[in-house]
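Residue numbers (the numbering used here): 709 to 889.
Note that CB positions come from ideal geometry on N, CA and C, so glycine has one too.
Everything below concerns the one structure shown next.
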Ligand code: HQG
């Protein structure tokens with residue numbers, strides 16, 4: 709039985725943060741050959757018998773849609789942090805998006821806007837529930853920010869499609885952000 713959570717974390721690390729540690733050749737959309745990733749994982753004792761089907765099962769079992777496999781390649785939908793910025797598809801966002809964050813970040817966010825911080829893009833949520841889950845990683849009682857994506861888009865802020873629940877942006881100025889009470 710493969711431990712999907714550990715596998716998901718390690719693949720997240722490889723595809724989002726440190727592809728060079730796994731000697732992966734990544735293209736500008738974040739794709740790497742699945743076989744290359746499997747070879748790299750197999751060098752570790754814990755994954756010495758891993759096959760593609762295990763990765764597919766991990767993706768299918770996960771509550772979050774983090775990865776995609778297509779034509780023998782795998783990529784992460786979002787979350788990247790290394791300097792080479794992954795190309796994402798620009799897309800008109802829903803009228804409203806959400807962002808769950810910690811209370812301690814609020815003042816700075818309202819002053820400087822939502823910034824990508826350690827990642828390549830700001831991560832926004834399609835619905836409040838998803839934003840709550842994201843925010844709880846930073847604060848037991850997270851606050852939910854409501855983004856006027858319709859106006860921001862109309863005024864030239866770029867949005868990108870992550871997956872059905874996750875949207876990305878380069879930054880979101882404070883004037884488009886309101887705290888949900
Ligand atoms: C905050 C997980 C101060 C921002 C999640 C956030 C997501 C500011 C933190 C995905 C700021 C960065 C990404 C400013 C933004 N001043 N703080 N100006 N602008 N921040 O983890 O959005 O499980 O890099 O509010 O579910 O929390 O890994 O981003 O709190 O989808 O698949 O800086 O990662 O997905 O934190 O999460 P993060 P995030 P996975």
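Nearest-angstrom Cα separation, counted from residue j out to residue i
i, j, result
"residue 882", "residue 853", "10 Å"
"residue 783", "residue 792", "15 Å"
"residue 772", "residue 825", "22 Å"
"residue 724", "residue 738", "8 Å"
"residue 860", "residue 806", "13 Å"
"residue 732", "residue 776", "16 Å"
"residue 830", "residue 711", "29 Å"
"residue 717", "residue 758", "15 Å"
"residue 768", "residue 843", "24 Å"
"residue 726", "residue 745", "12 Å"
"residue 747", "residue 756", "9 Å"
"residue 774", "residue 786", "7 Å"
"residue 848", "residue 818", "20 Å"
"residue 779", "residue 734", "15 Å"
Anticipated Cβ contact below 8 Å, residue i with residue j, distance rounded
i, j, result
"residue 721", "residue 798", "The pair is not a contact, with the Cβ atoms about 27 Å apart (cut-off 8 Å)."
"residue 789", "residue 828", "7 Å"
"residue 839", "residue 870", "The pair is not a contact, with the Cβ atoms about 13 Å apart (cut-off 8 Å)."
"residue 878", "residue 804", "About 19 Å; that fails the 8 Å criterion."
"residue 833", "residue 880", "With a Cβ gap of about 12 Å, residue 833 and residue 880 do not count as contacting."
Which of helix, strand or coil DSSP assigns to residue i
i, result
"residue 751", "coil"
"residue 813", "helix"
"residue 731", "coil"
Unbroken alpha helix (DSSP H) run spanning residue i, endpoints
i, result
"residue 696", "Past the edges of the chain, shown from 709 to 889, lies residue 696, and the structure says nothing about it."
"residue 760", "760–769"
Residue range of the unbroken beta strand (DSSP E) whose run includes residue i
i, result
"residue 886", "885–887"
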